[in-house]
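For the sequence shown, position 30 (counting from the first letter as 1) is numbered 100 according to my numbering, and the numbering increases by one without interruption. The beta carbon of each residue, even a glycine, is placed where N, CA and C say it ideally should be.
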Amino acid sequence: MDVHESPVTCTEYFADCPPHLIPVLYSVGAKNKKQGYSNKEWPLTGGIWNLGTTAYPEIIVTGHADGSVKFWDASAISLQMLYKLKTSKVFEKQKVGEGKQTAEIVEDDPFAIQMMSWCPESRIFCVAGVSAYVILYRFSKHEVVTEIVVSAKSFLF
(Lines of atoms letter the chains of each structure in order from A; the text may use other names.)
(Lines give C-alpha, C1' and ligand atoms only; values in the text may rest on other atoms or scores of the structure.)
Protein backbone atom coordinates (compact mmCIF):
# COMPACT_ATOMS: atom_id res chain seq x y z
CA MET A 71 0.00 0.00 0.00
CA ASP A 72 1.34 3.37 -0.96
CA VAL A 73 1.06 6.56 1.07
CA HIS A 74 0.52 8.43 -2.21
CA GLU A 75 -2.33 6.25 -3.47
CA SER A 76 -4.49 9.35 -2.89
CA PRO A 77 -3.14 12.82 -2.02
CA VAL A 78 -2.42 13.27 1.70
CA THR A 79 -4.54 16.10 3.12
CA CYS A 80 -3.57 15.89 6.82
CA THR A 81 -1.36 13.91 9.20
CA GLU A 82 -1.17 13.18 12.91
CA TYR A 83 1.69 11.63 14.90
CA PHE A 84 1.20 9.63 18.09
CA ALA A 85 4.11 8.52 20.26
CA ASP A 86 4.08 6.14 23.20
CA CYS A 87 0.84 4.43 22.16
CA PRO A 88 -0.47 1.45 24.15
CA PRO A 89 1.73 -1.54 23.20
CA HIS A 90 -1.20 -3.77 22.18
CA LEU A 91 -2.59 -1.21 19.70
CA ILE A 92 -0.22 -1.86 16.78
CA PRO A 93 -0.81 -5.65 16.67
CA VAL A 94 -4.58 -5.10 16.89
CA LEU A 95 -4.62 -2.59 14.01
CA TYR A 96 -2.34 -4.85 11.97
CA SER A 97 -4.52 -7.94 12.45
CA VAL A 98 -7.70 -6.06 11.52
CA GLY A 99 -6.01 -4.51 8.49
CA ALA A 100 -4.59 -7.87 7.38
CA LYS A 101 -8.11 -9.28 7.00
CA ASN A 102 -8.91 -6.80 4.23
CA LYS A 103 -5.53 -6.90 2.49
CA LYS A 104 -5.00 -8.67 -0.79
CA GLN A 105 -1.95 -10.89 -0.96
CA GLY A 106 0.45 -9.18 -3.36
CA TYR A 107 3.64 -11.11 -2.70
CA SER A 108 4.92 -14.46 -3.84
CA ASN A 109 4.87 -17.45 -1.49
CA LYS A 110 8.35 -18.46 -2.67
CA GLU A 111 11.26 -18.21 -0.26
CA TRP A 112 13.27 -15.00 -0.43
CA PRO A 113 16.47 -15.65 -2.42
CA LEU A 114 18.73 -13.67 -0.06
CA THR A 115 19.82 -14.82 3.38
CA GLY A 116 21.73 -13.25 6.22
CA GLY A 117 21.34 -10.26 8.44
CA ILE A 118 19.56 -10.04 11.75
CA TRP A 119 15.93 -9.03 12.06
CA ASN A 120 15.30 -6.75 14.94
CA LEU A 121 12.71 -4.27 16.02
CA GLY A 122 13.12 -0.59 15.27
CA THR A 123 15.27 1.81 17.17
CA THR A 124 12.48 3.13 19.39
CA ALA A 125 11.44 1.46 22.61
CA TYR A 126 7.86 2.76 22.41
CA PRO A 127 5.16 2.31 19.77
CA GLU A 128 4.70 5.18 17.32
CA ILE A 129 1.77 5.58 14.93
CA ILE A 130 1.30 8.04 12.08
CA VAL A 131 -2.24 8.60 10.82
CA THR A 132 -2.73 10.12 7.36
CA GLY A 133 -5.98 11.53 5.95
CA HIS A 134 -6.45 11.45 2.19
CA ALA A 135 -8.41 13.25 -0.53
CA ASP A 136 -10.48 10.15 -1.33
CA GLY A 137 -11.80 10.01 2.26
CA SER A 138 -9.53 7.21 3.41
CA VAL A 139 -7.55 7.26 6.65
CA LYS A 140 -4.40 5.15 6.94
CA PHE A 141 -2.74 4.07 10.17
CA TRP A 142 1.03 3.52 9.84
CA ASP A 143 3.48 1.82 12.21
CA ALA A 144 6.33 4.30 12.59
CA SER A 145 8.17 2.30 15.27
CA ALA A 146 10.48 0.53 12.84
CA ILE A 147 12.94 1.84 10.28
CA SER A 148 10.32 2.09 7.52
CA LEU A 149 6.60 2.86 7.62
CA GLN A 150 4.27 -0.13 7.47
CA MET A 151 0.58 0.36 6.87
CA LEU A 152 -1.49 -1.19 9.64
CA TYR A 153 -5.05 -0.37 8.67
CA LYS A 154 -7.03 1.57 6.07
CA LEU A 155 -10.34 3.12 7.07
CA LYS A 156 -12.65 4.22 4.23
CA THR A 157 -14.90 7.01 5.50
CA SER A 158 -16.65 7.31 2.13
CA LYS A 159 -18.53 4.07 2.89
CA VAL A 160 -20.61 5.98 5.45
CA PHE A 161 -22.15 8.24 2.81
CA GLU A 162 -24.81 7.56 0.21
CA LYS A 163 -23.49 7.43 -3.33
CA GLN A 164 -24.56 10.44 -5.40
CA LYS A 165 -25.84 9.51 -8.83
CA VAL A 166 -24.19 11.24 -11.78
CA GLY A 167 -27.35 13.11 -12.79
CA GLU A 168 -28.15 14.44 -9.30
CA GLY A 169 -27.31 18.05 -8.51
CA LYS A 170 -23.94 18.51 -10.21
CA GLN A 171 -22.61 17.93 -13.66
CA THR A 172 -20.17 15.07 -14.21
CA ALA A 173 -17.13 17.36 -14.63
CA GLU A 174 -17.81 19.05 -11.27
CA ILE A 175 -18.10 15.71 -9.45
CA VAL A 176 -14.76 14.50 -10.80
CA GLU A 177 -12.92 17.72 -9.86
CA ASP A 178 -14.20 17.88 -6.29
CA ASP A 179 -13.00 15.71 -3.43
CA PRO A 180 -16.17 15.71 -1.30
CA PHE A 181 -14.79 13.10 1.11
CA ALA A 182 -11.34 14.69 1.62
CA ILE A 183 -10.19 14.53 5.22
CA GLN A 184 -9.45 17.96 6.66
CA MET A 185 -8.79 17.22 10.33
CA MET A 186 -8.38 14.19 12.60
CA SER A 187 -8.20 13.66 16.33
CA TRP A 188 -7.53 10.36 18.06
CA CYS A 189 -7.15 9.16 21.63
CA PRO A 190 -5.21 5.85 21.50
CA GLU A 191 -6.11 5.10 25.13
CA SER A 192 -9.90 5.35 24.70
CA ARG A 193 -9.77 4.32 21.01
CA ILE A 194 -12.07 7.14 19.96
CA PHE A 195 -11.26 8.63 16.57
CA CYS A 196 -12.81 11.79 15.10
CA VAL A 197 -12.65 12.75 11.42
CA ALA A 198 -13.73 16.07 9.89
CA GLY A 199 -14.01 16.55 6.16
CA VAL A 200 -14.10 19.39 3.67
CA SER A 201 -17.82 18.87 3.04
CA ALA A 202 -18.57 19.96 6.63
CA TYR A 203 -19.03 16.49 8.08
CA VAL A 204 -17.76 15.00 11.33
CA ILE A 205 -17.59 11.25 11.98
CA LEU A 206 -16.84 9.68 15.36
CA TYR A 207 -15.44 6.15 15.46
CA ARG A 208 -14.91 3.93 18.47
CA PHE A 209 -12.49 1.08 17.86
CA SER A 210 -13.69 -2.10 19.53
CA LYS A 211 -12.02 -5.45 20.18
CA HIS A 212 -14.96 -7.22 18.55
CA GLU A 213 -16.75 -6.47 15.31
CA VAL A 214 -19.97 -4.57 15.95
CA VAL A 215 -22.71 -3.67 13.48
CA THR A 216 -24.68 -0.60 14.51
CA GLU A 217 -27.06 1.84 12.91
CA ILE A 218 -25.50 5.12 11.84
CA VAL A 219 -27.14 8.11 13.47
CA VAL A 220 -27.24 11.23 11.31
CA SER A 221 -27.62 14.64 12.89
CA ALA A 222 -27.86 17.59 10.48
CA LYS A 223 -27.23 21.06 11.89
CA SER A 224 -27.45 24.41 10.12
CA PHE A 225 -24.94 27.10 10.97
CA LEU A 226 -25.27 30.75 10.05
CA PHE A 227 -22.15 32.86 9.72
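(request) Let me know the secondary structure DSSP gives residue 79 once reduced to three states. (result) Residue 79: strand per DSSP, three-state reduction.
(request) Just mark residue 176 as buried or exposed, buried being the case when its beta carbon has 16 or more other beta carbons within 10 Å. (result) Low confidence applies here, because residue 176 scores a pLDDT of 43, under 50, leaving its location unreliable; read the following figure in that light. Around the beta-carbon of residue 176, fewer than 16 other beta-carbon atoms lie within 10 Å, marking it exposed.
(request) Enumerate in chain order the residues of its own chain whose CB-to-CB distance from residue 155 is below 7 Å, with the five nearest sequence positions on each side excluded. (result) Here the set comprises 138 and 139.
(request) Determine the direct distance from the alpha carbon of residue 131 to that of residue 149, and round the result to whole angstroms. (result) Here the C-alpha atom of residue 149 lies approximately 11 Å from the C-alpha atom of residue 131.
(request) Flag this pair as yes or no: are the beta carbons of residue 146 and residue 129 separated by less than 8 Å? (result) For residue 146 and residue 129, no; Cβs fall outside 8 Å.
(request) Just tell me which of 78, 90 and 205 has its CA closest to the CA of residue 135. (result) Measuring from the Cα of residue 135, the nearest candidate turns out to be 78.
(message) Can you look up residue 101 in the DSSP assignment and give me helix, strand or coil?
(response) When DSSP states are grouped into helix, strand and coil, residue 101 belongs to the helix group.
(request) State the start and end residues of the unbroken beta strand (DSSP E) segment that holds residue 153. (result) It spans 150–156 - the beta strand (DSSP E) in which residue 153 sits, taken as one unbroken run.
(request) Leaving aside the five residues before and after residue 196 along the sequence, list all residues of the same chain whose C-beta is less than 6 Å from its C-beta, in chain order. (result) 187 and 206, listed in sequence order.
(message) Helix, strand or coil, according to DSSP, for residue 91 in the structure here?
(response) Assignment of residue 91 by DSSP, reduced to helix, strand and coil, places it in the helix class.
(request) Just the C-alpha distance for residue 80 and residue 201, rounded to the nearest angstrom, thanks. (result) Linking residue 80 to residue 201 through their CA atoms gives a straight-line distance of about 15 Å.
(message) Among 190, 163, 189 and 204, whose alpha-carbon lies nearest the alpha-carbon of residue 183?
(response) The shortest Cα separation from residue 183 among 190, 163, 189 and 204 belongs to 204.
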